[in-house]
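When we follow my numbering, the leftmost residue of the sequence shown carries the number 342, and every step to the right adds one. To start, the structure itself, in structure tokens.
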Amino acid sequence: MPKTNYNSKSDLEHEKDLQRIQKLRLMDDDFMSVVFEDKACSQFLLQTILNRNDLIIKDVKTQHNFKNLHGHSICLDIYARSISGEEYDIEIQRADKGACPRRARYNSSILDANILSPGDDYQNLRETYVIFITEKDILGYNKPIYHIDRMVREIDMPFNDDSHIIYVNGELKNEDTDLSRLMHDFSCSNIANINSPILKDRIKYFKEEEKGVASMCRILEEMREETAKEVAKEVAKEVAKEVAKETTINNAVVFIGNLLSEGFSLEKALILANVPNDYKGAVIQQVMNR
């Protein structure tokens with residue numbers, strides 16, 4: 342593993358980053374993003390999952406945002422389009438919660454909503470795929486892959502709306518299939534044990550080559566900075582809450598004290614002061630100690 346010229350942090354912190362990089366897997370969100378922003382790697386991924394060697398990717402983006410002006414926006418792990426027009430959302434999920442069926446439904450709807458322009462005919466909707474690669478078998482049927490498509494139940498026939506949802510089971514990685522070998526690669530941190538040559542070369546770049554390692558170090562540094570900002574925001578929120586609470590209590594104590602001096606009962610004074618239930622105990626205690 343080469344030494345890099347990235348010197349924006351202490352040697353100890355830099356060494357820890359180098360160790361973290363060696364442990365990264367394709368199942369790790371940030372590492373997956375840099376590996377699969379490469380079009381050839383994303384094309385290999387989709388060809389393997391869909392068992393389609395004819396699939397050619399036109400363009401690919403990782404961590405791609407789709408804005409919803411009237412509701413919940415989404416960030417797709419991998420968003421790809423093929424030269425034949427299909428659109429793909431690929432989500433890498435280690436936690437079961439993030440791959441629930443309703444999230445798949447919602448992602449599919451957002452893809453559709455961003456395909457048509459005003460005035461377009463519905464026939465212009467392109468074929469879409471929402472694909473979840475999950476570390477565990479969250480559907481629980483011990484299958485390597487699950488294909489979900491709408492059906493007409495009364496005649497047991499497909500609805501043919503060209504909207505597809507696929508779950509890939511990352512637990513089944515020891516079978517003699519291309520998909521199983523791909524799932525093995527997703528869970529593997531050791532470059533020597535990667536099956537796919539195209540993935541191995543890309544992973545090697547970020548783990549062993551100087552420019553790639555420097556790039557990963559920058560990403561880890563940015564992650565730390567972002568985490569620090571989020572922590573600072575949360576701390577500021579908590580401080581603001583405490584200040585607001587203290588101000589509310591102090592104002593209530595002064596107001597109630599004035600009412601008591603005018604002959605109001607404590608019960609009546611609390612009602613007139615409109616003290617929140619969460620603060621009543623502290624207000625009463627301070628009033629009694631005055």
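Every residue gets a Cβ at the ideal spot worked out from N, C-alpha and C, and that includes glycine.
- Annotation for HIS405: no alpha helix (DSSP H) segment contains it, though the beta strand (DSSP E) segment containing it runs 398-407.
- Relative to THR518, the option among THR389, ARG467, VAL584, ARG393 whose CA is nearest is THR389.
- The distance from the Cβ of SER383 to that of ILE419 is about 6 Å, consistent with a contact at the 8 Å cut-off.
- Counting C-beta atoms within 10 angstroms of its own C-beta, ALA533 has fewer than 16 neighbours from the protein chains shown and is therefore classed as exposed.
- ASP490 and THR469 do not touch by the CB rule: their CB atoms are close to 12 Å apart, not below 8 Å.
- Between the region 536-554 and the region 501-509 there are fewer than three C-beta pairs closer than 8 Å, too few to call the two in contact.
- According to DSSP, residue pairing for PRO617 in a beta bridge does not occur.
- Between VAL594 and VAL554, the C-beta spacing is not below 9 Å.
- Annotation for GLU356: no residue places its beta carbon closer than 8 Å to its own, counting only its chain and skipping 5 residues before and after.
- In this structure, MET557 and ILE362 form a Cβ contact; the two beta carbons are roughly 5 Å apart against a cut-off of 8 Å.
- Setting aside the 5 residues that flank it on each side, LEU513 is surrounded in the same chain by PRO485, SER521, MET524, each with a C-beta closer than 7 Å to its C-beta; the list follows chain order.
- Taking all protein chains shown into account, SER423 has 16 or more neighbouring C-beta atoms within 10 Å of its C-beta and is therefore buried.
- The DSSP-derived three-state label of ARG631 is coil.
- Here ALA445 is near PHE473, since their CB atoms are less than 9 Å apart.
- For the region 413-482, the continuous alpha helix (DSSP H) assignments of 4+ residues that do not extend past its boundaries occur at 442-454, in sequence order.
- Assignment of beta-bridge partners to ASN510 by DSSP yields THR475.
- In the structure shown, the three-state DSSP call for PRO499 is strand.
- Here the alpha carbon of ARG393 sits roughly 14 Å from the alpha carbon of ALA381.
- Here the C-alpha atom of LYS438 lies approximately 27 Å from the C-alpha atom of ASP502.
- Rounded to whole angstroms, the separation of the alpha carbons of VAL471 and LEU391 is 12 Å.
- Assigned with DSSP and collapsed to three states, HIS411 falls in coil, not helix or strand.
- The secondary-structure analysis by DSSP pairs HIS488 across a beta bridge with ILE507.
- Straight through space, the alpha carbons of LEU466 and ILE456 are spaced by roughly 6 Å.
- The shortest CA-to-CA distance from GLU551 to any of ASP619, LYS574, LEU359, ASP352 is the one to LEU359.
- Judged by beta-carbon spacing, ILE496 lies beyond the 9 Å limit of ALA440, meaning their Cβ atoms are not closer than that value.
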